[in-house]
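Asker: Using the working numbering, the letters of the sequence shown map in sequence onto residues 712 to 1050. Built from N, CA and C at the ideal position, the CB exists for glycine as well. The structure under discussion is supplied below as structure tokens; questions concerning it will follow.
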Amino acid sequence: MIGKQEVRQKLMANTNAAILGTGRAYPEGILTNADLERMVETSDEWITSRTGIKQRHKASEGEYTSQFAVAAARQAIERARIDPGEVGLIICATVTPDQILPSTGCLIQAELGANRAAAFDIAAACSGFLYGLTLANQLIRSGQTRYALVIGAEILSRYVDYTDRSTCVIFGDGAGAALLGPAEDGRGILATRIYSDGRYAEQLFSPGGGTRIPPTAETLAGGLHYFKMRGNELFKVAVRSMADVSREVLDEAGYQADDVKLFIPHQANQRITDAVAQKLKVDESIVYSNIAMHGNTSSASIPIALDECLEMGKVGEGDLVLLASFGGGVTWGAVLLKW
Ligand code: COA
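Next comes the structure, spelled out in structure tokens:
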């Protein structure tokens, strides 16, 4: 016999998902450019002009990824006005999980008391949140899930080498979350596209600490667990792929870049954001940037930015919102929503 809940879910099938609530959280600790000037040979002028970053949040000893993920998720659930027990899916996008096993998603689930959800992690670096939105949208459309929580959460500072000036100025810590449910009146997620190309794996990677180079005293001393980055090469691929995939979702939904009211690109670098906006020919007034305050928080960057935009009243009902990302893997993607 089919239960009431199943009947309702079947009726909802083929309905796109909408974001019903968002949240964000980050460590209190802040690392400014002035702090970095004392740690490596760099300057506020260099960091600001090359990246746009002024400060980034940095976790203290004892703080861990799921703490911030749970805080962000609680806000998203509360704002969506649902009960944690109604959440059917928890996707945590992270490359800095609490531990290898179990998934950070399961640890978050336990803290939230969302005991009927399926929970897992996605490792798609800075594109993880958009990968999560894409999967959650499909599971909601299929009727399998009614409410889904998608979280991007990172404590990148654990994998940053604070003697390497080419990476340590860029990354920050934080978490952002979105609670999705069935959309009404043709609103919600209109189009999604996600891609990856593993041939560029070594443009941004952490060579040691896994099964290929297991962690030993030597690998730790050699810093093999730290992020290594070919910034220059990444820059070009990032601009091209974010612009291309943004055009794809706009085409699919039958819109032009001109129609977009808010564009939130992954906050990697102000120069990347400016170059993508220029390629897409969108006015800078609709492009959101918080890179100065947060640095690059990988999978957390888009949900943190979205939560800030909602708080500032930058999104109105019916507005077209474009999200685009790029990250290690390499991975990239875009999601177009009607608010
Ligand atoms: N302070 C001062 N000098 C620095 C520096 C720092 N923090 N980091 C690098 N430099 C130096 C380099 O050593 C190099 O010196 P050299 O010419 O004497 O060799 C010089 O600056 C130029 O380095 P380069 O790497 O060519 O600079 P860039 O203009 O490409 O800027 C990045 C570097 C990392 C800011 C830029 O490449 C970038 O943003 N790339 C994308 C990174 C990114 O977004 N990654 C995440 C993807 S999700």
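Can you tell me whether V718 is helix, strand or coil according to DSSP?
Answerer: Caution is warranted here: a pLDDT of 49 is assigned to V718, below 50, making its placement in the model unreliable, and the coordinate value is therefore given only provisionally. Note: V718 maps to helix in three-state DSSP.
Asker: Looking at the strands, I want to know which residues DSSP matches up with S907.
Answerer: DSSP lists T1042 as partners of S907.
Asker: Might you give, ordered along the chain, the residues of its own chain that have their beta carbon closer than 6 Å to the beta carbon of M712, omitting 5 neighbours on each side?
Answerer: A caution first: M712 carries a pLDDT of 48, below 50, which makes its placement in the model too unreliable to give a value.
Asker: Which full runs of the alpha helix (DSSP H) of 4+ residues lie inside the stretch 850-914, going along the chain?
Answerer: Given a length threshold of 4 residues, each whole run of the alpha helix (DSSP H) inside the stretch 850-914 is given here in chain order: 876-879.
Asker: Run through DSSP, which three-state label would D1030 get?
Answerer: Looking at D1030 - three-state DSSP - the assignment turns out to be coil, as it is neither helix nor strand.
Asker: When every heavy atom of the ligand COA is checked, does at least one fall within less than 7 Å of the C-beta of N1001?
Answerer: no
Asker: What is the rounded straight-line gap between the Cα of L1033 and the Cα of F974?
Answerer: 5 Å
Asker: Please state whether DSSP places M940 in a helix, a strand or coil.
Answerer: In this structure, M940 counts as strand in the three-state DSSP scheme.
Asker: Given the structure, does G1038 come close to the ligand COA, in the sense that its CB is under 7 Å from one of the ligand's heavy atoms?
Answerer: Remark: the C-beta of G1038 is in contact range of the ligand COA, defined as less than 7 Å to any heavy atom.
Asker: Do you know how far the Cα of C837 is from the Cα of G1038?
Answerer: 4 Å
Asker: Would the C-beta of L915 count as close to the ligand COA, meaning under 7 Å from any of its heavy atoms?
Answerer: yes
Asker: Below 7 Å CB to CB, which residues in the same chain sit around G942 once its five sequence neighbours on both sides are set aside?
Answerer: S877
Asker: Using 8 Å as the threshold, is the C-beta distance between A859 and I802 below it?
Answerer: Inclusion of A859 and I802 in the CB contact set at 8 Å is warranted, their separation being smaller than that value.
Asker: Measuring straight from C-alpha to C-alpha, what distance separates A736 and E913?
Answerer: 30 Å
Asker: Let's see if you can read the secondary structure: which residues bound the beta strand (DSSP E) around L800?
Answerer: 798-804
Asker: The alpha helix (DSSP H) with Q989 in it runs from where to where?
Answerer: 981-991
Asker: Are T733 and A847 closer than 8 Å when you measure CB to CB?
Answerer: no
Asker: Please classify N1121 as buried or exposed, where buried requires at least 16 neighbouring CB atoms within 10 angstroms.
Answerer: Residue 1121 falls outside the range modelled here, since the chain spans only 712 to 1050, and no answer is possible.
Asker: Looking at C-beta atoms only, is the number of pairs between the stretch 782-795 and the stretch 743-760 that lie closer than 8 Å three or more?
Answerer: no
Asker: Quick one: grab the DSSP three-state call for H1005.
Answerer: helix
Asker: To the nearest angstrom, how far is it from the Cα of M940 to the Cα of E895?
Answerer: 43 Å
Asker: Tell me whether the stretch 813-821 and the stretch 773-782 touch, counting them as touching only if at least three CB pairs, one residue from each stretch, are closer than 8 Å.
Answerer: yes
Asker: Indicate whether G854 and A804 have their beta-carbon atoms separated by less than 8 Å.
Answerer: Their beta carbons are not under 8 Å apart, which means G854 does not touch A804 by this criterion.
Asker: Output needed for R852: all residues of its chain with C-beta closer than 8 Å, excluding positions within five of it in sequence on either side, in chain order.
Answerer: A724, N725, T726, N727, A728
Asker: Could you give the residue range of the alpha helix (DSSP H) that holds P926?
Answerer: First-last for P926: undefined, no H or E at that position.
Asker: Which class does N725 belong to by DSSP, given the choice of helix, strand or coil?
Answerer: coil
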